[in-house]
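Just so you know, numbering that gives the first Met the number 0 puts 120 at position 121 of the sequence shown, and the rest follows in order with no gaps.
One structure below.
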Amino acid sequence: MSLLQAVKYQRGKLEVLDQLLLPHEFHYDTVSTRQEAFDSIATMRVRGAPAIAIVASLGLAVELHNNSIAGTSDGEVIAQIDEALDYLKESRPTAVDLTNAINQLKATIRTAEGKGKDAIVQAFIEEAERIFEKDLQSNLSIGEHGAQWLQARAGASPDHKISVLTHCNTGALATSGHGTALGIIRTLQSKGYLKHAFCTETRPYNQGSRLTAFELVHEGIPSTLITDSMAAALFRTKKAENNIAAVIVGADRVVRNGDTANKIGTYQLAVLAKHHGIKFIVAAPTTSIDLETETGDGIKIEERKREELTQISGAVRVATADQRIDVWNPAFDVTPAEFIDVVVTEKGAVEKGPDGTFDFSQILPERW
Ligand code: MRU
């Protein structure tokens, strides 16, 4: 298990690693209020779909633990907590894990209605802690299911090691530990199935070069960094030599037909993978699945500020473009289901059906 932790928590205390400072500096911010949780998420000091949901849930849990909540009747207390959750929901729009966590927390506090203020707050805190703990178990299962799928469909084994490419950061830093797509890579490595991991730089925020490269090196996984624009050349010139068998990415939102929103640049990798006969795997906990939205056209894609493209930040900000240029900076794109071979969740691997879409009723009968 990796010692890298995006989130450190004990009841009443939450510390969140400032990922903007990585890989140069390791600094944890204390997050004690809903505003601090909101700010951490919106400024991307913490990022990654599961980690966003965890910090929002635990941030409010710490606030409720350490401060007495206004309101006397149970209805007033529930309304106060709902209001705080609705506020946190606005911190970033694309990842559905946050919405799913909020719905779960709202449902849980209602089970304590009629038992008094303390019971409602206690129910909230315990549910937020469960969300945090369950994420780690989910990621370990995703790792196992992903490795099994690659064994069955790509012949991965210690005698037939495979290489993979991943995009963005989906590791311990994006979750409560182990990771999703990077979790599969960790599991492949631990089983002796992995030859080499390639990671993309992931412009414009460089989650690949700053975070994934850091995690891969930290774990001693044989790995190589490329820029996003090198993927086609990598597949064309190095696929055979390295036995590149799969692109493995995470997800911010997988909708009902399997269309998947993930870090900008994912879609082009899926198109390239198809062209080069490389499997394309989405690794995501079921908390990243949104059955309310039918297709990718219904997903709201976050657009971020122009300076992320026109400047690089460090000790000082350096201009990398004429500051007057118009900029389009979507943080995510949607990969149509037709380009995805399998969605690996903690409940198993779901392959695309003959109609070209995914049927998640097999793993989520209760939500279908
Ligand atoms: O903008 P980010 O860094 O939050 O984007 C992260 C991603 O796109 C990840 O692939 C996704 O959230 C899954 S993390 C397990």
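The C-beta atom is built at its ideal place from N, Cα and C for all residues, glycine as well.
Source: prediction; values computed, not measured.
query                                                                                                                                                                        : result
Return the residue from the list 176, 127, 164, 186 that minimises the CA-CA distance to residue 156.                                                                        : 186
Within the present structure, is the beta-carbon of residue 198 separated from the nearest heavy atom of the ligand MRU by less than 6 Å?                                    : no
Write down every uninterrupted run of the alpha helix (DSSP H) in the region 31-103 whose length is 4 residues or greater and which is fully enclosed by it, in chain order. : 33-41, 48-65, 73-88
Given 6 Å as the limit, tell me if residue 296 has its C-beta closer than that to any heavy atom belonging to the ligand MRU.                                                : no
When the Cα of residue 194 is compared with those of 317, 112, 238, which residue comes out closest?                                                                         : 238
According to DSSP, simplified to helix, strand and coil, what is residue 4?                                                                                                  : coil
If you pair each beta-carbon of the region 238-254 with each one of the region 269-288, do three or more pairs fall below 8 Å?                                               : yes
Just tell me which of 9, 5, 10, 11 has its CA closest to the CA of residue 17.                                                                                               : 5
Rounded to whole angstroms, what is the Cα-Cα separation between residue 293 and residue 140?                                                                                : 26 Å
Touching or not, the region 162-170 and the region 206-225, by the rule of three or more beta carbon pairs under 8 Å?                                                        : yes
For the ligand MRU, I want to know if residue 138 counts as a neighbour, meaning its beta carbon is within less than 6 Å of at least one of the ligand's heavy atoms.        : no
Taking the CB atoms as reference points, tell me whether residue 258 and residue 333 lie closer together than 7 Å.                                                           : yes
State whether the region 52-70 contacts the region 210-221, with contact taken as three or more CB pairs (one from each stretch) at a distance under 8 Å.                    : no
Taking only three categories from DSSP, how would you classify residue 309?                                                                                                  : helix
So what does residue 302 bridge to, in DSSP terms?                                                                                                                           : 329
Could you tell me how far apart the beta carbons of residue 338 and residue 300 are, in whole angstroms, since I believe they sit closer than 8 Å?                           : Contact doesn't hold; Cβ gap of about 17 Å is too wide.
Can you tell me where the beta strand (DSSP E) with residue 27 in it begins and where it stops?                                                                              : 27-29
Assign residue 368 to one of three DSSP states: helix, strand, or coil.                                                                                                      : The requested residue 368 does not occur in the structure, where the chain is confined to residues 0 to 367.
By the DSSP assignment, the beta strand (DSSP E) with residue 261 in it spans what residues?                                                                                 : 259-262
In three-state terms, what does DSSP make of residue 21?                                                                                                                     : coil
Have a look at residue 113 and residue 76 and give me their C-alpha separation to the nearest angstrom.                                                                      : 11 Å
State yes or no: is the C-beta of residue 174 within less than 7 Å of the C-beta of residue 134?                                                                             : yes
Going by beta carbon distance, what residues of the same chain come within less than 6 Å of residue 340, once the five residues before and after it are set aside?           : 278, 279
Please name the residue, chosen from 297, 324, 349, that lies closest to residue 304 on a Cα-to-Cα basis.                                                                    : 324
Would you call the region 102-110 in contact with the region 118-137, where contact means no fewer than 3 C-beta pairs closer than 8 Å?                                      : yes
Judging by CA-CA distance, which residue of 13, 142, 39 is the nearest neighbour of residue 346?                                                                             : 142
From the DSSP output, in three-state form, read off residue 131 for me.                                                                                                      : helix
Going by other Cβ atoms of all chains shown within 10 Å of its Cβ, with 16 needed for buried, is residue 30 buried or exposed?                                               : buried
Sort out for me which residues DSSP pairs residue 159 with in a bridge.                                                                                                      : 156
Would you say residue 253 and residue 287 are within 7 Å of each other, going by their C-beta atoms?                                                                         : yes
Check residue 367 in the structure and name its three-state DSSP category.                                                                                                   : coil
When DSSP labels each residue in this structure, what does residue 350 get in the three-state scheme?                                                                        : strand
Where residue 73 and residue 234 are concerned, what is the direct C-alpha to C-alpha distance, given to the nearest angstrom?                                               : 59 Å
Have a look at residue 295 and residue 265 and give me their C-alpha separation to the nearest angstrom.                                                                     : 14 Å
Which of the three DSSP states, helix, strand or coil, is assigned to residue 173?                                                                                           : helix
Straight-line CA distance for residue 197 to residue 19?                                                                                                                     : 22 Å
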